[in-house]
Amino acid sequence: MFWVLFLVLAIAAAGFSCGRLCLASVAAARPVPLTDRERSLSCYEAAFLAGGPDRVADLTLVSMHRARRLLLAHTGWATVVDPEGRDDLERSVLTAIGPGGQERIAAIRSGAAAADAVHALAERLAAAGLAVPDAIRSGVGTSVRAVRGATLFIAALAVTALLMPGETGTGRGEMAAWFALPLVLTLGCLAIARVEIRPHTRWASPDGQRLLGGLDPEGDPLTAVAVRGIRAVDDPQLRSALAGGRFAHRGQ
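The sequence shown: position 66 = 66 (the working numbering), numbered continuously.
Below is the structure:
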């Protein structure tokens with residue numbers, strides 16, 4: 001009957017991980033009051049709500065390139081033309097490039113996305129009820145990963161118990177049925193999370209998504225980049241430069 005100990009561990013893992021996910025879901029579902037229902041979104045705000053910090057960095061690079069203050073080459077390198085940034089986000093890009101005046105787009109995107117200016121933008125949007133707070137988004141993601149880990153742990157315990165020699169008094173089928181209970185619980189939680197919790201892992205809250213839906217990407221090239229990402233860039237060479245930088249960043 002040593003397999004019963006494995007079953008207890010499986011039930012504990014399922015209960016703890018699923019309970020944690022339920023608590024994270026409740027926190028994510030708690031509405032954040034919208035402080036200004038008549039407000040509109042700037043391009044930077046729309047970029048964050050649509051694609052997060054990386055989208056903000058991409059938009060800043062495109063904006064500076066279009067204003068001829070930054071040259072983005074199709075080789076994946078950026079060169080400073082005007083070293084004076086017009087706002088905190090542009091200054092964060094220049095800081096990421098460094099005093100040499102040249103840097104790979106992948107490194108610039110990474111540095112600018114992690115800059116204080118983007119964090120401040122995220123905090124303002126979260127305080128306004130337009131963005132999902134980072135703590136909630138990361139909490140949900142961590143809880144989902146915990147349930148996935150528990151599922152694998154339960155499966156491993158079940159296989160080990162079924163393969164253990166010398167177990168008597170209980171048939172293999174009955175043992176499998178007992179282990180199926182916590183396994184069904186975790187798999188069911190993952191299925192529900194995929195449908196019900198996914199909106200809370202996006203950058204924009206429901207109110208933020210509503211404002212995003214009211215934007216017209218066709219009316220302004222920068223708005224199109226903010227909402228749709230680099231695929232909305234109409235210049236093939238600029239799109240190639242940004243896409244190459246993103247590929248290099250992912251490959252690091």
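The beta carbon of each residue, even a glycine, is placed where N, CA and C say it ideally should be.
Just so we're clear, the structure is a prediction, and the values are computed from it rather than from any experiment.
Check your understanding: Are the CB atoms of L89 and L72 nearer to each other than 9 angstroms?
Key -> no
- Task: To the nearest angstrom, report how far apart A112 and A122 are at their CA atoms.
- Result: 13 angstroms
| Spatially closest choice to D54 from F179, I105, P206, by CA coordinates | I105
Practice problem: Could you give the DSSP three-state label for A67: helix, strand or coil? | Solution: coil
Just checking, does the segment 220 to 232 make contact with the segment 169 to 186 on the three C-beta pairs under 8 angstroms criterion?
no
> Since A78 contacts Q102 with CB under 8 angstroms, what's their CB separation in whole angstroms?
Replying inline: 7 angstroms
Just the C-alpha distance for A120 and A158, rounded to the nearest angstrom, thanks.
-> 48 angstroms
For this session: Determine the contact status of A114 and F16, defining contact as a CB-CB distance below 9 angstroms.
Result: no
Kindly identify the DSSP beta-bridge partner or partners of R104. W77
Query raised in the report: In chain order, which alpha helix (DSSP H) runs of at least 4 residues are fully inside the segment 189 to 227?
Result: 206 to 213
Exercise for review: May I have the straight-line CA-CA distance separating L94 from D134, to the nearest angstrom?
Suggested key: 26 angstroms
task = List the DSSP bridge partners of A158.
result = Answer is none; A158 lacks a bridge partner.
Handout entry: Distance, T186 Cα to S40 Cα
Key = 41 angstroms
* **Beta-bridge pairing of L72 - partner residues as DSSP gives them** => A78
Check: Near P97, which residues of its chain fall below 7 angstroms by C-beta distance, leaving aside the five closest residues on each side in sequence?
Finding: According to the sequence shown, residue 97 is Ile rather than Pro. So the qualifying residues of the chain are A78, V80, E103, I108.
Problem - Residues sharing a beta bridge with A131, DSSP - result: A204
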